[in-house]
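A.B. asks: Residues in the sequence shown are numbered from 1 upward in steps of one, following the UniProt record's numbering.
By construction, the Cβ of each residue, glycine as well, lies at the ideal position given by its N, Cα and C atoms.
This one's a predicted model, so the numbers in the text were calculated from it and none came from an experiment.
Next up is a structure, given as structure tokens.
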Amino acid sequence: MGAMVNNNVWSIIILFNPDLEKLKSLVHHLMLQNSNIILVNNGTKKAFISDLINEHVFLIQLEDNLGIATAQNVGIVFAKKKNAKGIFLFDQDSKISNNFIPAMLNAKLNSSVGMIVPNVLDVNTNKYLEPRIYNRQDSKITVEFPKNKNTVGLIRKAAKPIASGSYIFMDALMEVGGMREKFFIDAVDTDFSFRLIERGYDVFRINNVHLVHPVGNKIERNFFGKKIFLSNHSPKRRYYIGRNNIWLWKIHFGKINGITKEVFVTLASQLVYSLLEKSSISKTSHLIWGVFWGLILSPKEFVREIR
Numbered sequence: 001m002g003a004m005v006n007n008n009v010w011s012i013i014i015l016f017n018p019d020l021e022k023l024k025s026l027v028h029h030l031m032l033q034n035s036n037i038i039l040v041n042n043g044t045k046k047a048f049i050s051d052l053i054n055e056h057v058f059l060i061q062l063e064d065n066l067g068i069a070t071a072q073n074v075g076i077v078f079a080k081k082k083n084a085k086g087i088f089l090f091d092q093d094s095k096i097s098n099n100f101i102p103a104m105l106n107a108k109l110n111s112s113v114g115m116i117v118p119n120v121l122d123v124n125t126n127k128y129l130e131p132r133i134y135n136r137q138d139s140k141i142t143v144e145f146p147k148n149k150n151t152v153g154l155i156r157k158a159a160k161p162i163a164s165g166s167y168i169f170m171d172a173l174m175e176v177g178g179m180r181e182k183f184f185i186d187a188v189d190t191d192f193s194f195r196l197i198e199r200g201y202d203v204f205r206i207n208n209v210h211l212v213h214p215v216g217n218k219i220e221r222n223f224f225g226k227k228i229f230l231s232n233h234s235p236k237r238r239y240y241i242g243r244n245n246i247w248l249w250k251i252h253f254g255k256i257n258g259i260t261k262e263v264f265v266t267l268a269s270q271l272v273y274s275l276l277e278k279s280s281i282s283k284t285s286h287l288i289w290g291v292f293w294g295l296i297l298s299p300k301e302f303v304r305e306i307r
């Protein structure tokens with residue numbers, strides 16, 4: 001593509017039957033911003049994916065759909081072996097601006113930062129996501145909804161951000177470990193951000209750096225006269241949402257104040273969504289089944305080491 005690539009900048013894109021044009025656009029914009037790219041394909045082999053490979057675009061084909069957590073870890077380990085100082089994580093359908101990477105990397109941050117994230121515009125709702133905010137006081141960590149959603153400053157603390165567009169410092173990954181593979185898909189990013197915060201790292205959102213991303217497959221509905229957006233996840237995803245949020249509570253209870261409220265709000269909202277969406281019986285039963293198995297089973301504490 002004719003771009004000069006910085007050997008220290010690495011971006012990981014997780015693939016699962018991607019849209020060719022969206023993927024090509026993301027790869028193109030990353031190359032123009034001097035990034036090496038690791039494509040980790042969780043789906044079936046596609047010829048057009050192989051066509052993207054060059055000396056700065058690498059493809060790792062997994063033998064099966066091993067979940068987003070495993071795919072991210074595979075990419076992270078690959079980048080670590082290439083002496084990356086940190087990694088960007090992207091979903092295959094995200095869109096970035098022409099100066100996304102330099103704007104993220106040039107942000108002035110303190111030495112305790114473990115991860116930075118952009119300001120994410122959800123194309124489904126045309127609204128920016130507002131991650132939770134966290135505070136430390138007397139060794140206690142509290143996670144809560146931000147009281148001032150229209151943040152004026154250039155950066156703010158962010159708990160529970162989505163993974164796409166995030167930049168994670170390799171030193172932090174080496175200390176806290178990679179993504180929790182047992183989770184497979186849902187709450188992987190939430191668990192990782194909580195582990196960073198628990199270890200004393202900061203997670204910041206860079207408010208003037210934007211990423212455009214579809215969060216779920218949202219559909220609009222009226223609920224008692226109020227417009228709401230339903231997440232419209234599949235029954236299988238509802239199972240993982242139910243199970244993993246219970247596991248999230250089991251892992252972080254006692255470490256993070258507000259985790260019980262977080263999990264309750266998530267599960268309650270997903271129950272409402274399931275009841276209002278098509279295939280409501282299947283979605284509701286899968287969500288309840290996930291909660292049940294989350295309570296019965298214990299999450300494995302093992303987290304892959306990044307070495």
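1) Could you spell out where the alpha helix (DSSP H) holding residue 242 opens and where it closes?
2) Taking buried to mean at least 16 other C-beta atoms within 10 Å of its own C-beta, is residue 213 buried or exposed?
3) Go ahead and pull the three-state DSSP assignment for residue 304.
4) Alpha carbon to alpha carbon, what distance is there between residue 47 and residue 198?
5) Which residues in the same chain have their Cβ closer than 7 Å to the Cβ of residue 186, if we skip the five residues on either side of it in sequence?
6) What do you reckon, are the CB atoms on residue 232 and residue 217 nearer than 8 Å?
7) Since I believe residue 114 is in contact with residue 170 (beta carbons under 8 Å), could you give me their beta-carbon distance rounded to a whole number of angstroms?
8) Take the Cβ of residue 174 as the centre, count every other Cβ of all protein chains shown within 10 Å, and call the residue buried at 16 or more, exposed below.
9) Is the number of C-beta pairs between the region 46 to 64 and the region 99 to 107 that are closer than 8 Å three or more?
10) Out of curiosity, what's the CA-to-CA distance linking residue 260 and residue 35?
11) In whole angstroms, give me the CA-to-CA distance for residue 179 and residue 229.
12) Taking DSSP as the reference, what is the three-state secondary structure of residue 103?
13) If I follow the unbroken beta strand (DSSP E) through residue 90, where does it start and stop?
14) Going by DSSP in three states, residue 20 sits in which element: helix, strand or coil?
15) Since residue 75 and residue 60 are thought to touch, with beta carbons under 8 Å apart, how far apart are those beta carbons, to the nearest angstrom?
16) Just grab the DSSP bridge partners of residue 212 for me.
17) With distance defined between alpha-carbon atoms, name the residue in 219, 265, 306 nearest to residue 276.
C.D. replies: Working from what's here:
1) For residue 242, the enclosing alpha helix (DSSP H) begins and ends at 235 to 252.
2) Flag for residue 213 reads buried.
3) DSSP places residue 304 in coil when its eight states are reduced to three.
4) Their Cα atoms are separated by approximately 43 Å.
5) 237, 240, 241, 244, listed in sequence order.
6) Yes, Cβ-Cβ distance for residue 232 and residue 217 is below 8 Å.
7) Actually they do not touch by this definition, with Cβ atoms about 10 Å apart.
8) When all chains shown are included, residue 174 counts as exposed.
9) In short, these stretches do not touch, since the Cβ pair count stays below three.
10) Taken atom to atom, the span from the alpha-carbon of residue 260 to that of residue 35 is near 39 Å.
11) Within the model, the alpha-carbon separation for residue 179 versus residue 229 is close to 28 Å.
12) Reduced to three states, the DSSP call for residue 103 is helix.
13) Run containing residue 90: 86 to 91, per the beta strand (DSSP E) assignment.
14) The DSSP-derived three-state label of residue 20 is helix.
15) Between residue 75 and residue 60, the beta carbon gap of about 7 Å places them in contact (Cβ cut-off 8 Å).
16) Paired residues: 95, 121.
17) Nearest C-alpha to residue 276: 219.
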